[in-house]
Structure formats: structure tokens, C-alpha cells
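Colleague: Just passing along the structure, written as C-alpha cells.
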Amino acid sequence: MSQSGKFVFFATGSILSIYLASSPAWAQTPEVVGERPPEDQRQADVAAVFEERGLLTPKGKWVVEPSLQYIHSSSTTVAIDGFTILPAIAIGLIDVSEVQRDTLTAAIALRYGLTDRVEVGLRIPYVWRDESLRRREILVGTPADQVTGSDGMGLGDIELGLHYQFNRAVTGKPFFIGNLRVKSTTGTSPFEVDRVPAKDSTGEEIPGVDIFLEQPTGSGFWAVQPSLTVIYSTDPAVIYGNISYVWNLERDVGNDQGKIDPGNALGFSLGTGFALNNRTSLSFGYDHSIVFKTKRELGDPLNPTFDRVQVGTFLWGLSHRLSDRTSMNFSVGIG
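The following block contains the structure:
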């Protein structure tokens, strides 16, 4: 999974999110710009399986949304420092590394309707992260795996959001919502935590490879993400799509690292949701992100340090209205 302003290293993973929104009754059957539908045509909310909201908060109203998100990711990397004499025979050093990472994020989000077309939001996360690294060098007689680990917790990167509905919601026609998200650097940066050089089985340091003594809780870079959401209602389902671009701002991180320009990301998502009854709805979707190269300035010119990464996630969501003022959304992402 790709998240704004963070490097993506895992190949497979899963996401588990639970949201509990406390709001007036209108938040469960939201009003949009246009005519209010008859009472017997109103359905349950479509479960939110991506961050951009489909219906905005009416003027002068608040929505409080606490959430809990758990992410597990893993990756296996094989590095060969040598040469091959046959396709199946390698001479030199073969290093196999496996990384397991668990992230638990508790957050509170606030949304307020400035007008019937404009909504602002604030999200404050608290992050706990644990990472384990297992390494083994092949062909050098290593007796056991090298296992290291670290964890960290603290305030994450606070986000601000702005949403604008461009057109009136008319039956049989799609409507469009523009979104702008700004991510700060309030979390602990990866460049602020202590690290030590990784060592091989002989005790020699591995050039360019460091091990965290404490896990960061933020990306260390400001990020701006404009996006466009399209929603089309076709009874009893709702079809949605979103396209976004994450721009991570370059900065000098110090510690002899120089300027680092994190890779920007192009993302899109597509899905559908449908009501099971007047309280419960299901949604299915797919989210894809293309994370571009990260560049580091080691003098002149800028040298690429990471290649482009493709990240795809299948999303499933369930929404249930507990009362006129409270609803719970449960979503899972695998990819």
C-alpha cells in the first residue's frame, strides 16, 4: 500500500480500518446541493473505502470521526553481488532480507461545512509502528539468520483537507467533487531517529544500508494532494471514481544527506456500493498508485535512488447505521 509522502517497500500487505462517525441524523442520509429526495427513496450510506468523501457536510454542521487502522506489510529482497557462469549458478555474495512491518494508527477527524458546496477537514493521527528485519547471507556458511527489530510511537503527520462540490446532484447524472489535502511534518521524521550501519556476518559494515533504532511516525516531507471524485447514482447502487496526484516537497534533510526529492505519486480508484437495507450497505473497489522515483542530491546532478513502484489494493467495505447520530464503517484492503 502506498501512502502520501512515505516510501513504499512492501510487496504484499493488508489493511484493516474501523471508523465510528458521530454526527447529526443528516450525516447518515446527507443532503447535497439540489432537491431533497422523497423519504422512501433514501438509502443507507455507501461505505467509505477511500479517503475522499462522496457527500459534503451541510453548512454550519460538524462531523466527528474517530478511526482505528491496522496495516501489516512484508517484503523479501534478494541481492546478488557477484556474477553468474550459468543461469542457475551464481558466484559471489547472495543476501536475502525479509522485512515485516506492523502499523497501528488511531486518528480523529473533524469535518465542517462552510457552505452547502464547501467542506473543510482536519485529521490528527497517533501512530505506533513495529518493524522486524531478518537477513541471511547465502554461500558464506552463515550459521543463523540475523534478526533485528525496532518500534516507535507518537504523533503522526497532521492533515488538512478542503472539498468543493462543482455541480448540483441531479438524478441520472454524475456529480463532481474537487479535493485538496495538505500533509504536514508533525510526526517524527525518518531522518530524526537514530540509526546504525547494517553489518554482514563478518562484522563489516554494509555501505548505504542502515538499521533504525527507533521507528519514525511521519514521512519528514510536506505533501500536497489535489484530486477529483466522480459519483454516479443508479438505484440501488452508487458508482464512484477518483484520480489524484501527490506532490512531495523537496527539502534538505541534513546529516550529510543533502536535498532529497521524494517520489510523487499518481493514484486512481474505482468502485461501487449498494444498499442491503435502510441501515446497511456494502462497497467494493480497487485503488492503484504509481509512485515515481525518489532523487537525492549528492552534489551535482540529482541521482535516482529508487525506481518507480506500482501499488494496487482491492478494497471491501461495510457500513452500518447504529443510530440517527452514529454510524460505523469497516473496510479491508488487500494488495
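Per the working numbering, the sequence shown starts with residue 173, numbered consecutively. All C-beta atoms in this analysis are idealised placements derived from N, C-alpha and C, irrespective of residue type, glycine included. From a predicted model like this one, the values you see are computed outputs, not experimental measurements.
Would you mind working out which of Leu438, Phe440, Gly457 sits nearest Phe446, comparing C-alpha positions?
Modeller: In the sequence shown, the residue the question calls residue 446 occupies position 274. When each option's Cα is compared against that of Phe446, the closest is Gly457.
Colleague: Taking all protein chains shown into account, do 16 or more other C-beta atoms lie within 10 angstroms of the C-beta of Ile403, making it buried, or fewer, making it exposed?
Modeller: Here residue 403 refers to the residue found at position 231 when the sequence shown is read from its first residue. Label assigned to Ile403: buried.
Colleague: In the DSSP assignment, what are the bridge partners of Lys431?
Modeller: Here residue 431 corresponds to residue number 259 of the sequence shown, with the count starting at 1. Partner(s): Asp424.
Colleague: Are Thr389 and Pro434 touching if we call contact CB-CB under 8 Å?
Modeller: Position 217 of the sequence shown holds residue 389. Position 262 of the sequence shown holds residue 434. Taking 8 Å as the Cβ cut-off, Thr389 and Pro434 do not qualify as a contacting pair.
Colleague: Give the single residue among Thr248, Pro398, Ser245, Arg283 whose Cα lies nearest to the Cα of Lys233.
Modeller: Walking along the sequence shown from the start, residue 233 turns up at place 61. It is Arg283.
Colleague: Can you name, in chain order, every residue of its own chain whose Cβ lies under 6 Å from the Cβ of Phe464, other than the five neighbours on each side?
Modeller: On the sequence shown, residue 464 is found 292 positions in, with the first residue counted as 1. Only Gly435, Asn436, Arg480 meet the Cβ criterion.
Colleague: For the beta strand (DSSP E) containing Trp394, list its first residue and its last residue.
Modeller: Numbered from its first residue, the sequence shown carries residue 394 at position 222. Careful: Trp394 lies outside any beta strand (DSSP E) and carries neither H nor E.
Colleague: Among Ile349, Ile506, Asn501, which has the Cα closest to the Cα of Thr401?
Modeller: Counted from its first residue, the sequence shown places residue 401 at position 229. Of the candidates Ile349, Ile506, Asn501, the one whose C-alpha sits nearest the C-alpha of Thr401 is Ile349.
Colleague: Are Ala281 and Arg301 touching if we call contact CB-CB under 8 Å?
Modeller: Counted from its first residue, the sequence shown places residue 281 at position 109. Counted from its first residue, the sequence shown places residue 301 at position 129. For Ala281 and Arg301, no; Cβs fall outside 8 Å.
Colleague: Under a three-way DSSP split, which group does Gln387 fall into?
Modeller: Taking the first residue of the sequence shown as position 1, residue 387 is located at position 215. Gln387: coil per DSSP, three-state reduction.
Colleague: For the beta strand (DSSP E) containing Phe446, list its first residue and its last residue.
Modeller: In the sequence shown, counting from the first residue as 1, residue 446 sits at position 274. 437-447 is the span of the beta strand (DSSP E), which, as asked, contains Phe446.
Colleague: For the candidate residues Leu494, Pro369, Asp459, Gly344, whose alpha-carbon lies nearest to that of Arg408?
Modeller: By one-based count along the sequence shown, residue 408 stands at place 236. In the sequence under discussion, the amino acid at residue 408 is Pro, which differs from the Arg named in the question. Pro408 has its Cα closest to that of Gly344, out of Leu494, Pro369, Asp459, Gly344.
Colleague: From Gly285 to Asn351, what distance separates their C-alpha atoms?
Modeller: Locating residue 285 in the sequence shown gives position 113, counting from the first residue. Locating residue 351 in the sequence shown gives position 179, counting from the first residue. C-alpha separation (whole angstroms): 14 Å.
Colleague: Using only alpha-carbon positions, find the residue among Leu240, Pro238, Leu305 that is nearest to Val271.
Modeller: Indexing the sequence shown from 1 puts residue 271 at position 99. The option with the nearest alpha carbon to Val271 is Leu305.
Colleague: In its own chain, which residues sit with a C-beta less than 6 Å from the C-beta of Gly507, not counting the 5 before and 5 after it?
Modeller: Here residue 507 refers to the residue found at position 335 when the sequence shown is read from its first residue. Closer than 6 Å at Cβ, skipping near neighbours: Gly484, Thr485, Phe486.
Colleague: Below 8 Å on the Cβ atoms is my contact criterion, and I expect Gln429 with Ser416 to pass it. Report the Cβ-Cβ distance as a whole number of Å.
Modeller: Residue numbering aside, residue 429 sits at position 257 when the sequence shown is read from its first letter. Residue numbering aside, residue 416 sits at position 244 when the sequence shown is read from its first letter. At roughly 28 Å, the Cβ-Cβ gap does not stay under 8 Å, so Gln429 and Ser416 are not in contact.
Colleague: Tell me the residue span of the beta strand (DSSP E) that contains Thr452.
Modeller: By 1-based counting over the sequence shown, the position of residue 452 is 280. First-last of the beta strand (DSSP E) with Thr452: 452-463.
Colleague: Using a Cβ-Cβ cutoff of less than 6 Å, which residues in the same chain neighbour Leu334 once the five nearest sequence positions on both sides are dropped?
Modeller: As a position in the sequence shown, residue 334 is number 162, starting the count at 1. Cβ within range, chain order: Val292, Leu352.
Colleague: Measuring CA to CA, which of Leu438, Glu303, Pro297 is closest to Gln461?
Modeller: Translated into positions along the sequence shown, residue 461 becomes position 289. Residue 461 is actually Ser in this sequence, not Gln. Looking at the Cα atoms, Leu438 is the closest of the given residues.
Colleague: Could you check whether Gly426 and Phe363 sit closer than 8 Å to each other, using their CB atoms as the reference points?
Modeller: Residue numbering aside, residue 363 sits at position 191 when the sequence shown is read from its first letter. Residue numbering aside, residue 426 sits at position 254 when the sequence shown is read from its first letter. For Phe363 and Gly426, yes; Cβs fall inside 8 Å.
Colleague: For Val504, report the span of its beta strand (DSSP E) as first-last.
Modeller: Here the question's residue 504 lines up with position 332 in the sequence shown. Segment 498-506, the beta strand (DSSP E) holding Val504.
Colleague: Drop a sphere of 10 angstroms on the beta-carbon of Val418, count the other beta-carbons inside from all chains shown, and report buried for 16 or more, exposed for fewer.
Modeller: As a first step, residue 418 must be located in the sequence shown, where it is residue number 246. Per the 10 Å Cβ criterion, buried.
Colleague: Just the Cα atoms here: how many angstroms apart are Asn420 and Val299?
Modeller: Within the sequence shown, the letter at position 248 stands for residue 420. Within the sequence shown, the letter at position 127 stands for residue 299. One C-alpha to the other measures close to 20 Å.
Colleague: Out of curiosity, what's the CA-to-CA distance linking Asp329 and Ala278?
Modeller: In the sequence shown, residue 329 corresponds to position 157, counting from 1. In the sequence shown, residue 278 corresponds to position 106, counting from 1. One C-alpha to the other measures close to 12 Å.
Colleague: In this structure, what does DSSP give as the bridge partners for Thr287?
Modeller: Position 115 of the sequence shown, counted from the first residue, corresponds to residue 287. Thr287 pairs with nothing; no bridge assigned.
Colleague: Report the residue from Ser322, Thr248, Asn450 whose alpha carbon sits nearest the alpha carbon of Ile383.
Modeller: To locate residue 383, count along the sequence shown from 1; it is residue 211. Among Ser322, Thr248, Asn450, the Cα nearest to that of Ile383 belongs to Ser322.
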